[in-house]
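> Heads up: the sequence shown begins at 48 in my numbering, then just goes up one per residue.
Cβ atoms here follow ideal geometry from the backbone N, Cα and C, with glycine treated the same way.
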Amino acid sequence: MTGVKSMGVQPKLIIHGGAGSSLKGKGGLGVVRDSLHKIVAEVYTLLENGGSAVDAVILGAKRLEDEPRFNAGTGSVLQSDGQIRMSASLMDGTAQKFSGVINVARIKNPIEVAKVLQTETDRVLSDLGAAEMVRELQMPIHDPLTDLRLHEWMDERKGNFSSSMAGVVAEDEMANSARHGTVGVVALDKDGKVAASTSTGGKGLERIGRVSDSAMPAGNYATAAAGVSCTGIGEDIIDECLAAKVVIRVTDGMTLTEAMQKSINESTENKRDLGAISLDAEGNIVWGKTSEVLLAAYHDGDAIGDTLEWQIEPGVGSV
Ligand code: GLY
Numbered sequence: 048m049t050g051v052k053s054m055g056v057q058p059k060l061i062i063h064g065g066a067g068s069s070l071k072g073k074g075g076l077g078v079v080r081d082s083l084h085k086i087v088a089e090v091y092t093l094l095e096n097g098g099s100a101v102d103a104v105i106l107g108a109k110r111l112e113d114e115p116r117f118n119a120g121t122g123s124v125l126q127s128d129g130q131i132r133m134s135a136s137l138m139d140g141t142a143q144k145f146s147g148v149i150n151v152a153r154i155k156n157p158i159e160v161a162k163v164l165q166t167e168t169d170r171v172l173s174d175l176g177a178a179e180m181v182r183e184l185q186m187p188i189h190d191p192l193t194d195l196r197l198h199e200w201m202d203e204r205k206g207n208f209s210s211s212m213a214g215v216v217a218e219d220e221m222a223n224s225a226r227h228g229t230v231g232v233v234a235l236d237k238d239g240k241v242a243a244s245t246s247t248g249g250k251g252l253e254r255i256g257r258v259s260d261s262a263m264p265a266g267n268y269a270t271a272a273a274g275v276s277c278t279g280i281g282e283d284i285i286d287e288c289l290a291a292k293v294v295i296r297v298t299d300g301m302t303l304t305e306a307m308q309k310s311i312n313e314s315t316e317n318k319r320d321l322g323a324i325s326l327d328a329e330g331n332i333v334w335g336k337t338s339e340v341l342l343a344a345y346h347d348g349d350a351i352g353d354t355l356e357w358q359i360e361p362g363v364g365s366v
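1. DSSP on ASP128, reduced to helix/strand/coil?
2. My assumption, with CB atoms under 8 Å, is that VAL333 sits in contact with VAL294. Please give the rounded CB distance.
3. Look at the Cβ atom of VAL87, then the Cβ atom of TYR345, and state whether they are nearer than 8 Å.
4. Using only CA atoms, which one of LEU252, ALA291, LYS144, THR315 lies nearest to GLY206?
5. Is it buried or exposed, ASP202, if we count other Cβ atoms within 10 angstroms and call 16 or more buried?
6. Buried or exposed for THR229, going by 16 or more other Cβ atoms inside 10 Å?
7. Give me whichever residues DSSP pairs with TYR268 in a beta bridge.
8. Are GLY322 and GLY281 close, meaning C-beta to C-beta below 8 Å?
9. Give the secondary structure of ILE61 by DSSP, where H, G and I count as helix, E and B as strand, and everything else as coil.
10. Name the residue from GLY176, LEU326, LYS59, ARG80 whose alpha carbon lies nearest to the alpha carbon of GLY65.
11. Starting from the C-beta of VAL241, find all residues in its chain whose C-beta is less than 8 Å away, skip the five residues before and the five after it, and write them out in chain order.
12. Look up MET138 in the DSSP assignment and say whether it is helix, strand or coil.
13. Below 7 Å CB to CB, which residues in the same chain sit around SER365 once its five sequence neighbours on both sides are set aside?
14. Kindly indicate the opening and closing residues of the beta strand (DSSP E) around ASN150.
15. Can you determine whether any heavy atom of the ligand GLY sits closer than 7 Å to the C-beta of THR247, and answer yes or no?
16. Is the distance from the Cβ of SER261 to the Cβ of LEU289 below 8 Å?
17. My output table needs one value for ALA328: the three-state DSSP class, helix, strand or coil.
18. With 16 other CB atoms within 10 Å as the buried threshold, where does GLU199 fall?
19. Assign ALA225 to one of two classes, buried (16 or more other C-beta atoms within 10 Å of its C-beta) or exposed (fewer than that).
20. What three-state label does DSSP hand TRP357 in the structure shown?
21. Using only alpha-carbon positions, find the residue among VAL78, GLY55, LYS85 that is nearest to ALA350.
22. Enumerate in chain order the residues of its own chain whose CB-to-CB distance from LYS309 is below 8 Å, with the five nearest sequence positions on each side excluded.
23. For the putative contact between ARG153 and HIS189, defined by C-beta atoms under 8 Å, what is the C-beta separation to the nearest angstrom?
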């Protein structure tokens, strides 16, 4: 374990704002970098001040949901019928407890519903049940639609929905080049506890009722040993059961790098389009992808870094 137990473990943090094909402009890349680094700095301060991994991944997911350039919360993409439906989940690795909300609408922070569901008997709610819980919680009505997302959808409508999914990073120069957004956070706190959160507006342009990986253990999973949050095409992530697979491999004795490498190799062989961020209770931070780019940033205890200019080829990276 990193650090001396009595003095606490060195906290670690990694977050992502999606994955996809090459970012075209450095201008856009700089804006994404600023957003990610700012959120990492704020969430890492919480961890340094003794905040729990669970509180850190909730705060990180909220900040990413509130950032309109990422496809989660405000700035979510529209589905085929022009509506926004969002999904989010939270996993406390120590309690090994998963909670999530599927296709919830008209709220600001879907991760807040997942947080409340951690202590409920029924811990994953969808559609009508999610709407009822939002009403019970008296969450304020919030329209997560942005002008850019609306115009993207209207352009797709003019083109008779020729794309299979929406663009994901809400920058004009990136909108058609960087896809498959979802946001996620994995944290290790001073007590050596791990947690993971993931939130998404989905693929965009999907059928009504389509269920994202982000509120499934395939897309978001943690045990006491490690945590993973995924991004990419939900169906690919579900077919690989990526988050749970990596975490269980670590729980069963593989190193995090070995587990991520083996899982990304399998995903590459199976021609999947996805990415994942992870960390373990030893303080290792590892990420992997088959897509061209992974929009992730981390704090390794010394400094903030990111993966924005990382290799185009599928692979695994670590600090
Ligand atoms: N990974 C997000 C989605 O496909 O819904």
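Result, derived from the coordinates:
1. Coil at ASP128, not helix or strand.
2. Actually they do not touch by this definition, with Cβ atoms about 12 Å apart.
3. Going by C-beta atoms, VAL87 is nearer than 8 Å to TYR345.
4. Of the candidates LEU252, ALA291, LYS144, THR315, the residue whose Cα lies closest to the Cα of GLY206 is LEU252.
5. With fewer than 16 other beta carbons inside 10 angstroms of its own, ASP202 counts as exposed.
6. By the neighbour-count criterion, in which a residue is buried when 16 or more other Cβ atoms sit within 10 angstroms of its Cβ, THR229 is buried.
7. DSSP output for TYR268 lists VAL275 as bridge partner(s).
8. Cβ atoms of GLY322 and GLY281: not closer than 8 Å.
9. Look at ILE61 here: in three-state DSSP terms it is strand.
10. The residue with the shortest Cα to Cα distance from GLY65 is ARG80.
11. Around VAL241, the same chain offers ALA100, GLY140, THR141, VAL233, ALA234, LEU235, ALA269, THR270, ALA271, ALA272, ALA273, GLY274, LEU326, ASP327, ALA328 as residues with beta carbons nearer than 8 Å, after the five sequence neighbours per side are excluded.
12. Residue state for MET138 is assigned as strand, using DSSP reduced to three classes.
13. Once the five neighbours on either side are set aside, the close Cβ partners of SER365 are THR304, ASN331, ILE332, VAL333.
14. First-last of the beta strand (DSSP E) with ASN150: 144 to 151.
15. Yes, the ligand GLY has a heavy atom inside 7 Å of this Cβ.
16. Taking 8 Å as the cut-off, the Cβ atoms of SER261 and LEU289 do not count as close.
17. In the three-state reduction of the DSSP assignment, ALA328 falls in the coil class, being assigned neither a helical nor a strand state.
18. Per the 10 Å Cβ criterion, buried.
19. Caution is warranted here: a pLDDT of 42 is assigned to ALA225, below 50, making its placement in the model unreliable, and the coordinate value is therefore given only provisionally. Burial call: buried.
20. In the three-state reduction of the DSSP assignment, TRP357 falls in the coil class.
21. Per the Cα distances, LYS85.
22. The answer, listed in chain order, is ARG296, MET301.
23. Beta-carbon to beta-carbon, ARG153 and HIS189 are separated by about 6 Å, close enough to satisfy the 8 Å threshold.
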